[in-house]
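Enquirer: Position one of the sequence shown corresponds to residue 0 (numbering that gives the first Met the number 0), numbered consecutively onward. We put the beta carbon where it would ideally sit given N, CA and C, even for glycine. This one's a predicted model, so the numbers in the text were calculated from it and none came from an experiment.
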Amino acid sequence: MRRKRVIGNWKMNGGLAANAALLDELLPSLAVLQGVDLAVCPPFPYLAQVAARLEGSDVALGAQNLNVATKGAFTGEVGGGMLKELGCRYVLVGHSERRSLFGECDEVVAEKFASALKAGLVPVLCIGETQTQRRQGQTEQVVSAQLQAVLRRAGIQGIAAGVIAYEPVWAIGTGETASPEQAQAVHRHIRALLGEFDRARAEATPILYGGSVKADNAQALFAQPDIDGGLIGGASLEAAAFAAICQAAAR
Ligand code: PEP
Numbered sequence: 000m001r002r003k004r005v006i007g008n009w010k011m012n013g014g015l016a017a018n019a020a021l022l023d024e025l026l027p028s029l030a031v032l033q034g035v036d037l038a039v040c041p042p043f044p045y046l047a048q049v050a051a052r053l054e055g056s057d058v059a060l061g062a063q064n065l066n067v068a069t070k071g072a073f074t075g076e077v078g079g080g081m082l083k084e085l086g087c088r089y090v091l092v093g094h095s096e097r098r099s100l101f102g103e104c105d106e107v108v109a110e111k112f113a114s115a116l117k118a119g120l121v122p123v124l125c126i127g128e129t130q131t132q133r134r135q136g137q138t139e140q141v142v143s144a145q146l147q148a149v150l151r152r153a154g155i156q157g158i159a160a161g162v163i164a165y166e167p168v169w170a171i172g173t174g175e176t177a178s179p180e181q182a183q184a185v186h187r188h189i190r191a192l193l194g195e196f197d198r199a200r201a202e203a204t205p206i207l208y209g210g211s212v213k214a215d216n217a218q219a220l221f222a223q224p225d226i227d228g229g230l231i232g233g234a235s236l237e238a239a240a241f242a243a244i245c246q247a248a249a250r
């Protein structure tokens, strides 16, 4: 039985006062939930602030990106060891905004995944097709290629030590959510692909859905057999909405 998990991706949003207010409102509602693993991923400058505020709660900290290198002359970049030292448990890898806006290809994403594992972090591998790729019937082919790049680099044991987030690009930040059946079909495909390498590890690997998850659609998505929770963008910035989504994933 896989535990449900909900991770909030704040993207490039927040500020000292706004973060404090959000967490003050959110944490009491999350404290009563059971049977679900929760995390929030603020921007780098606020990791220490949020880490301090999360102390004593069951909500984990995550970052949104890392560099493949551990240290060195990479101005503006952040290594996995630094994130670990700041208290991060998770790091997002290959978010579609990183792929489309910052040119991260499958090979770089795979390297980042391996680097996160090496630093003792749990990488959250984001994969998903664009609207055009879906219309052309390429969804399974695209997510398979994205996954296979990471499988080649980190192996099935590496993948199983992380988390996968299926995030159709056309659903991210658009208000257009995949239907529970559409999402489940891709999640089942992902698990079947992993199962070709190791059935037990495929069964144990958490596969989250992301893409305009809201309080009113979370329950139906999370009820699908291969959907193990959500990666939440916009709604993670609103305490009531994020709490309701976490509640939908709780036992
Ligand atoms: C995301 O950024 O990973 C995401 C799923 O965003 P949203 O929930 O806003 O679609």
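1. Hey, could you find the ends of the alpha helix (DSSP H) A242 is sitting in?
2. By how many angstroms is the C-alpha of A62 removed from the C-alpha of F43?
3. Quick one: what does DSSP say I171 is sitting in, helix, strand or coil?
4. Sort out for me which residues DSSP pairs V92 with in a bridge.
5. Suppose contacts are defined by Cβ-Cβ distances below 8 Å. Is I6 in contact with L207 by that definition?
6. Pull up the DSSP beta-bridge partners for A59, would you.
7. Apart from the five residues on each side of it in sequence, which residues of its chain come closer than 7 Å, Cβ to Cβ, to Y45?
8. Using alpha carbons as the reference points, say which of D105, P122 and V108 lies closest to G80.
9. Closer than 7 Å to a non-hydrogen atom of the ligand PEP - does that hold for the CB of A240?
10. With a threshold of 16 other CB atoms inside 10 Å of the CB of Q33, please say whether the residue is buried or exposed.
11. Can you give the Cα-Cα distance for S28 and G161, rounded to whole angstroms?
12. DSSP puts K3 in a beta bridge; with which residues?
13. Using a Cβ-based criterion (distance less than 7 Å to any ligand heavy atom), does N12 qualify as near the ligand PEP?
14. Within 10 angstroms of its Cβ, does K111 collect 16 or more other Cβ (buried), or is it exposed?
15. Heavy atom of the ligand PEP less than 7 Å from the Cβ of N216, yes or no?
Expert: In short:
1. A238 to A248
2. Those two C-alpha atoms are separated by around 7 Å.
3. coil
4. L124
5. Yes, they are a contact pair.
6. A38
7. Within the same chain, Cβ atoms closer than 7 Å to the Cβ of Y45 are found at G13 and N18, the five residues on either side in sequence being excluded.
8. P122
9. For A240, the distance from the CB to the nearest heavy atom of the ligand PEP is not below 7 Å.
10. exposed
11. 27 Å
12. V35.
13. no
14. buried
15. no
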